[in-house]
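Engineer:
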Amino acid sequence: MDILFVQALLIAIVVGAASGAVGAFIILRRMALVGDALSHVALPGIALALMWSLDPFWMVLAFLLGAAVVVWFCERQTTLPAEAIVGLLFTASLAIGILTIPDHEILESLFGGFPKLPVSELIFILGAAIGITVLVFMLSRRMLFTIVSPELAKVNGGNALVGLIVLLIFATVVAIGIKLVGTLLMGALTIIPAAVAKNVSPSARSYIVLSTVFGAIIAGAGVAGAAWSGVLPGPTIVLVGIAAFLISLGFLGRRRAGQ
Amino acid sequence: MAEKLILRHSVFTFMNEPVLQVSGVSVVLDGESVLEDISFSVRKGEALAIIGPNGAGKSVLLKALLGLVPSQGSIMWAKGVHIGYVPQRFHPDRTIPLTVKEFLLFKSPAFWRPTKDFFAHLDHELSIVGLKKEILGHHVSDLSGGQFQRLMIAWAMTGHPDVLLFDEPTAGIDVGAEETIYSILHRLQKERGTTVLLVSHDLSIVYRYSQHVLCINKKMICHGAPEDVLTPGDLKRIYGETGFYHHHEDPTRTT
C-alpha cells in the first residue's frame with residue numbers, strides 16, 4: 014500500500030475523531046461559523062512560513078492559537094457581536110493569504126492534499142489528536158455544564174475559561190488537520206460529525222461519543238474515497254460528511270415520529 | 004484578607020452560628036446603583052424570605068451573595084459552607100439533547116462512569132420532591148414547568164448543601180404545584196436543618212414559612228420576624244401607596 018495513503022488515512026482517523034469531539038461543543042456553543050472562520054487565520058501563517066522558509070505547521074499553530082485568544086477576548090470585552098469581529102478579522106486573513114501565498118501552493122493551502130510529512134511531525138500529529146480527544150472527554154462535564162448554565166456552573170465551581178479552552182482545543186485540531194483537509198474546509202470537519210451525531214443521539218453523552226466516532230469514520234472514508242478516485246481528500250471528506258448528514262435526517266424524522 | 008478571616012472566626016464562635024453575615028453591601032451595575040448598604044445575617048437552619056417590588060434588586064442580592072455579580076461591602080459565609088442555588092426562570096436550551104440523568108450528573112465528578120451510590124442518592128432526592136425514577140431518561144427541555152422546578156430543587160439538594168438559595172421558586176408554576184414546592188422546602192428546612200434563603204413575591208408564604216424577612220427596595224427597608232416588621236407602614240414603603248399585591252392570594256389555603 015502507498016505510504017502516503019496510509020499516512021493520510023491514519024491522520025484522517027485520529028484528527029477526524031478529535032474534530033468530532035471538540036465539534037460537539039462548538040455546535041452547542043453556537044460557534045460553528047466562528048470556528049469555521051477561525052480556520053482561515055491559518056493562511057497568513059502559511060504565507061509567512063513560506064516567505065521565511067519555515068515549516069508551515071508551527072506557524073499555523075501559532076497563528077491559530079493567537080486568533081483563538083483574540084476571538085475569546087472580543088467575545089468577552091466588546092459589545093459587538095462576536096460574529097462581526099470574527100467576520101472582519103478572518104476575511105482579512107483570507108485576503109492576505111490569497112495575495113501572499115505563491116500560486117502553486119494556494120490550492121493545497123485552501124483544500125489540502127496527501128501530505129508528505131517527516132516522521133517527527135506525523136508522530137506529533139497522531140499524539141496531539143489522541144491527546145486532544147482524551148482531554149475533551151475529561152473536560153466534557155465542565156464544558157457541557159457551562160454551556161447549559163454558565164451561572165450554575167460558576168456557583169458549582171465551574172471555570173470561566175471554558176470558552177477559551179474550547180477555542181484553544183479547536184485551534185490545535187485545525188492546525189493538525191489543515192495539511193490534509195485545507196483551511197477552507199477544516200471548519201466543516203468539526204461541524205459535520207457533530208451535526209450528524211445530534212440528529213441521531215438520544216442524550217448528551219451519546220452525542221459526544223457519536224460525534225467523535227462519526228468524525229473518525231467520515232474523515233477515514235473521505236481519504237479512502239479520494240485515494241481511490243484520485244481527487245483531493247478535503248472536498249471528498251466534506252462530501253462524505255454531507256451524505257452522512259442526509260442519512261441522519263431520516264433518523265431524525267423517525268425519532269420525532271416515535272416520540 | 005487575613006483580617007477578614009480572623010474576624011470571621013471570632014464572630015462565629017460567639018454568636019449563635021451565623022451561616023452568613025452581610026454588612027454594608029452595595030452593587031453598582033452599568034453605572035447604576037442597584038443595591039445600597041444592605042446588612043443582615045442568617046443563622047443556621049433559619050428560613051429568610053427576601054421581599055420587595057419588581058426591580059428592587061432581590062435577584063441581584065442573591066447573585067452578589069454567590070459572587071456572580073461584583074459588590075462592595077462584606078459578605079461572609081461560614082467556613083466550608085456548601086451552597087445550593089436555584090436561579091429564577093432558568094430554561095435549558097432546547098437544542099441541547101440533555102437528559103435529566105445527565106443534568107444531575109453535573110453534580111457528580113464521575114460524569115462518564117457514575118457510581119451506584121450516586122444513583123441511589125439521586126433516587127432518594129427525586130422521591131423527596133415527588134418525581135419518579137422514569138424521569139431520568141427524559142430530556143430536560145421536555146419537562147413541564149412544575150416538574151422542572153421540582154427537578155431544580157432535587158438538583159440543588161444533591162450533595163446535601165447546608166444552604167439553599169431560591170430565586171422565586173414558584174414563578175410560572177400553577178397554584179397547586181406552588182404549594183407543594185413550598186412544603187418541600189419547609190420539610191427540608193425542618194428535617195435536614197437546611198438554611199433557606201428565599202426570594203418571594205407572596206406575603207402569605209413569608210408569614211407561613213419564614214422566621215425572618217428582609218425587605219428591600221434598592222435599600223434596606225426592614226429586617227426581622229414577619230409579625231414584627233411587616234407593619235402597614237413598612238409595606239407602604241416597600242410597595243408604595245397602593246399597597247402590596249398578593250400574588251395568587253387564596254384565603255382558603257392552609258398548610
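In order, the protein sequence lines correspond to chains A and B. Here my numbering is used: the first residue of the first sequence is 14, the next is one more, and so on. Here my numbering is used: the first residue of the second sequence is 4, the next is one more, and so on. Ideal Cβ placement from N, Cα and C applies to all residues, glycine included.
Give the interface partners of LEU41(A) over in chain B, defined as CB-CB distance under 7 Å, in chain order.
Structural biologist: ILE99
Engineer: Could you please give me the residues that DSSP links to MET79(B) through a beta bridge?
Structural biologist: GLN24(B)
Engineer: At a CB distance below 9 Å, what residues from the region 153 to 168 of chain A approach chain B? Give them in sequence order.
Structural biologist: Within the region 153 to 168 of chain A, those residues whose Cβ lies closer than 9 Å to any Cβ of chain B are, in chain order, SER153, ARG154, ARG155, LEU157, PHE158, ILE160, VAL161, SER162, GLU164, LEU165, ALA166, LYS167, VAL168.
Engineer: Output the distance between the C-alpha atoms of VAL186(A) and LEU245(A), rounded to the nearest integer angstrom.
Structural biologist: So the alpha carbons of these two residues sit roughly 20 Å apart.
Engineer: Compare the C-alpha of ALA25(A) against each of LEU101(A), GLY126(A), VAL83(A) and name the closest.
Structural biologist: Comparing Cα-Cα distances from ALA25(A) to each of LEU101(A), GLY126(A), VAL83(A), the minimum goes to GLY126(A).
Engineer: Verify the CB distance criterion: does ASP96(B) have a CB-CB separation below 8 Å to chain A?
Structural biologist: True, the Cβ-Cβ gap to chain A drops below 8 Å.
Engineer: Under the three-state reduction of DSSP, which class applies to ILE59(A): helix, strand or coil?
Structural biologist: If DSSP states are grouped into helix, strand and coil, ILE59(A) belongs with the helices.
Engineer: Under 6 Å Cβ to Cβ from LYS104(B), same chain only, skipping five residues before and after it: list those, please.
Structural biologist: LEU139
Engineer: Please return the same chain residues whose Cβ sits closer than 8 Å to the Cβ of ASP40(B), not counting the five positions on each side in sequence.
Structural biologist: GLY27, VAL28, SER29, GLY76, LYS222, MET223
Engineer: Where does GLY36(A) sit, in a helix, a strand or coil, going by DSSP?
Structural biologist: helix
Engineer: Got a sec? Which residues, its chain only, sit under 6 Å from ALA277(A) by beta carbon, not counting five neighbours each side?
Structural biologist: The shown model of chain A, from 14 to 272, leaves out residue 277(A), and the question about it has no answer.
Engineer: Distance, Cα to Cα, ILE178(A) vs GLY233(A)?
Structural biologist: ILE178(A) and GLY233(A) have their alpha carbons spaced roughly 27 Å apart.
Engineer: Would you kindly report the start and end of the unbroken beta strand (DSSP E) that includes LYS222(B)?
Structural biologist: 222 to 227
Engineer: Which residues mark the beginning and the end of the beta strand (DSSP E) in which GLU2(B) is found?
Structural biologist: As shown, chain B starts at 4 and ends at 258. That puts residue 2(B) outside it, with no answer to give.
Engineer: Using a Cβ cut-off of 8 Å, pull out every chain B residue sitting near ALA217(A), in sequence order please.
Structural biologist: ILE99, PRO100, LEU101, THR102, GLU105
Engineer: Name the DSSP beta bridge partners of HIS142(B), please?
Structural biologist: THR102(B)
Engineer: What are the start and end residues of the beta strand (DSSP E) that includes ASP170(B)?
Structural biologist: 166 to 170
Engineer: Rank ILE16(A), PHE70(A), ALA60(A), SER52(A) by C-alpha distance to the C-alpha of GLY102(A) and give the top, closest one.
Structural biologist: Sequence check: residue 102(A) is Leu here, not Gly. LEU102(A) has its Cα closest to that of SER52(A), out of ILE16(A), PHE70(A), ALA60(A), SER52(A).
Engineer: Which of the three DSSP states is assigned to THR159(A) in this structure?
Structural biologist: helix
Engineer: For GLU230(B), count neighbouring C-beta atoms within 10 Å of its own C-beta (all shown protein chains included) and say buried if the count is 16 or more, exposed if not.
Structural biologist: exposed
Engineer: Could you tell me whether the Cβ atoms of VAL216(B) and VAL199(B) are closer together than 8 Å?
Structural biologist: no
Engineer: Which same chain residues, not among the five before or five after VAL73(A), have their C-beta less than 7 Å away from its C-beta?
Structural biologist: ALA55, GLY58, ILE59, ALA188, ILE191
Engineer: Quick one: measure Cβ to Cβ for PRO215(A) and GLY33(A), integer angstroms, because I've assumed they're closer than 8 Å.
Structural biologist: With a Cβ gap of about 18 Å, PRO215(A) and GLY33(A) do not count as contacting.
Engineer: Do the CB positions of LEU120(A) and GLN20(A) come within less than 8 Å of each other?
Structural biologist: no
Engineer: Taking only beta-carbon positions, decide if PHE38(A) is within less than 8 Å of chain B.
Structural biologist: no
Engineer: PHE150(A) versus chain B: which residues are under 8 Å apart at the beta carbon?
Structural biologist: TRP115
Engineer: Measuring alpha carbon to alpha carbon, tell me which of LEU265(A), VAL236(A), ILE221(A) ends up nearest LEU101(B).
Structural biologist: ILE221(A)
Engineer: Tell me the rounded alpha-carbon separation between HIS250(B) and PHE43(B).
Structural biologist: For HIS250(B), the predicted model reports a pLDDT of 44, less than 50, meaning its position is unreliable and no value from the coordinates is stated.
Engineer: For PHE151(B), which option in PRO73(B), SER111(B), GLY133(B) has the closest C-alpha, if you only look at C-alpha atoms?
Structural biologist: Of the residues PRO73(B), SER111(B), GLY133(B), the one whose Cα lies closest to the Cα of PHE151(B) is GLY133(B).
Engineer: Please list, in chain order, the chain A residues whose beta carbon lies closer than 9 Å to that of TYR88(B).
Structural biologist: GLU164, LEU165, VAL168, ASN169
Engineer: Tell me the residue span of the alpha helix (DSSP H) that contains ILE178(A).
Structural biologist: 175 to 194
Engineer: For the region 146 to 157 of chain B, which residues have a CB atom closer than 8 Å to at least one CB atom of chain A, in sequence order?
Structural biologist: If the cut-off is 8 Å between Cβ atoms, the region 146 to 157 of chain B has nothing near chain A.
Engineer: For VAL143(B) and PHE106(B), what's the separation of their Cα atoms in angstroms?
Structural biologist: If you draw a straight line from the Cα of VAL143(B) to the Cα of PHE106(B), it comes to about 8 Å.
Engineer: Bridge partners of TYR212(B), per DSSP?
Structural biologist: None; TYR212(B) has no bridge partner.
Engineer: Would you decide whether SER13(B) is buried or exposed? Buried here means 16 or more other CB atoms lie within 10 Å of its CB.
Structural biologist: Bear in mind that the predicted position of SER13(B) carries a pLDDT of just 40, short of 50, making it unreliable; the figure below should be weighed with that in mind. SER13(B) comes out exposed.
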